[in-house]
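Input: a single structure, listed below in structure tokens.
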Amino acid sequence: MAESKNPQLLNIDIAAVVENIVAWIQNNLEWLLDAIATVIDFFVSNLEGLLLWLDPYIAGGLLVLLGFWRVGIGFGIFCIASVLLFWEMQLWPETMSTVALVLSASIVAIIVGVPIGIAMSRNDMVERLVRPVLDLMQTMPPFVYLIPAAIFFGLGKVPGTIATVVFAMPPGVRLTNLGIRQVSEENIEAGLAFGCTPRQLLTKVQMPLAMPTIMQGVNQTIMLSL
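Structure follows, in structure tokens:
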């Protein structure tokens with residue numbers, strides 16, 4: 147009997163295609179990758195230096211007070227126990243390095259994500275284009291993003307920050323878009339009746355009314371950065 151052969155409709159070497167794309171990016175966009183790496187490394191390193199410059203007692207006290215103020219007594223007690231544990235295990239420098247990376251990733255994700263959410267709320271075409279990208283970003287595990295980040299930026303703080311930003315950014319984008327779109331037509335018409343320009347309508351009417359929803363997105367972004 148003749149051997150059956152599976153039909154090959156597409157004879158594409160996926161590995162070669164990906165390798166060529168990576169090589170092209172590294173050869174032609176090296177200036178952009180270096181600029182991104184320099185900015186992120188400068189931001190993370192300086193924030194880490196600031197946290198390490200603070201006296202451990204002052205930094206630990208601020209963390210405990212923040213826990214008491216924002217959450218309550220229970221979380222404040224948990225912060226006290228955590229700070230004491232880090233001191234006892236002599237892991238304070240490593241703890242501050244982790245805090246610096248998480249804070250940096252959260253800030254970058256918010257700075258980039260909120261404007262994208264605003265653009266989505268103001269243009270349906272932008273929303274249709276960005277939404278599948280956000281779905282993909284939330285579907286993949288965060289460690290998957292470390293592979294391309296390490297390829298383009300090497301090892302260190304920069305790829306970890308970028309992978310965290312990519313994974314944590316979608317909730318901020320989605321909830322910013324949702325909050326602005328949920329502003330009622332009555333409020334928008336009232337703003338237009340008072341002569342608001344499109345920018346004034348966004349900054350003085352839509353953004354303030356959408357702020358609770360936007361802050362939920364910020365909260366989710368910080369949680370995912372952890």
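Residue numbers (our numbering): 147 to 372.
Think of the CB as a built atom: it goes at the ideal place given N, C-alpha and C, for glycine as much as any other residue.
Three-state secondary structure assigned by DSSP to residue i
i                 : result
serine 330        : coil
methionine 147    : Since pLDDT at methionine 147 reaches only 48, below the 50 mark, its modelled position is unreliable, and no value is offered.
isoleucine 308    : helix
isoleucine 158    : coil
isoleucine 368    : helix
valine 217        : coil
methionine 353    : helix
phenylalanine 340 : coil
methionine 361    : helix
methionine 315    : helix
valine 164        : helix
methionine 235    : coil
For residue i, the nearest candidate out of the options (CA to CA)
i                 : options                           : result
threonine 244     : Thr310, Asn365, Gly325 and Trp177 : Thr310
lysine 303        : Tyr203, Ala246, Met361 and Leu370 : Ala246
serine 252        : Met315, Glu335 and Ala169         : Met315
tryptophan 238    : Ala255, Tyr203, Leu338 and Ile293 : Tyr203
alanine 356       : Gly341, Ile334 and Cys342         : Ile334
leucine 249       : Leu178, Leu196, Ala169 and Leu321 : Leu196
glycine 337       : Arg345, Val329 and Val351         : Val351
leucine 348       : Leu370, Thr367, Ile223 and Ser267 : Ser267
methionine 353    : Ala265, Glu273, Pro294 and Ile297 : Ala265
threonine 307     : Gly213, Leu370, Val164 and Leu275 : Leu370
phenylalanine 298 : Gln172, Val163 and Val164         : Gln172
glutamate 240     : Ser191, Val276 and Gly259         : Ser191
isoleucine 368    : Leu179, Gln236 and Phe313         : Phe313
aspartate 201     : Glu176, Val217, Glu332 and Met242 : Met242
methionine 329    : Thr359, Gly300, Gly341 and Phe340 : A small fix is needed here, since residue 329 is valine in this sequence, not methionine. When each option's Cα is compared against that of valine 329, the closest is Thr359.
Bounding residues of the alpha helix (DSSP H) (the contiguous stretch that carries residue i)
i             : result
glycine 263   : 238-268
valine 290    : From DSSP, valine 290 is part of no alpha helix (DSSP H); its letter is neither H nor E.
aspartate 187 : 176-199
leucine 301   : Where leucine 301 is concerned, there is no enclosing alpha helix (DSSP H), given that its DSSP letter is neither H nor E.
For residue j and residue i, believed in contact at Cβ under 8 Å, the rounded distance
i                 : j              : result
glycine 318       : isoleucine 256 : 6 Å
proline 305       : leucine 292    : 6 Å
phenylalanine 224 : glycine 213    : 7 Å
Heavy atom of the ligand SAM within 7 Å of residue i beta-carbon
i             : result
glutamate 273 : As far as ligands go, the structure on display features none, and thus does not contain the ligand SAM.
Any C-beta of chain C under 8 Å from that of residue i
i              : result
asparagine 173 : No chain C is present in this structure, which holds just one protein chain.
Is it a yes or a no for the segment 286-296 touching the segment 219-235, going by three-plus beta-carbon pairs under 8 Å? no
Below 8 Å, how does it come out for the segment 350-364 and the segment 323-330: are there three or more Cβ pairs, yes or no? yes
If you pair each beta-carbon of the segment 163-172 with each one of the segment 263-283, do three or more pairs fall below 8 Å? no
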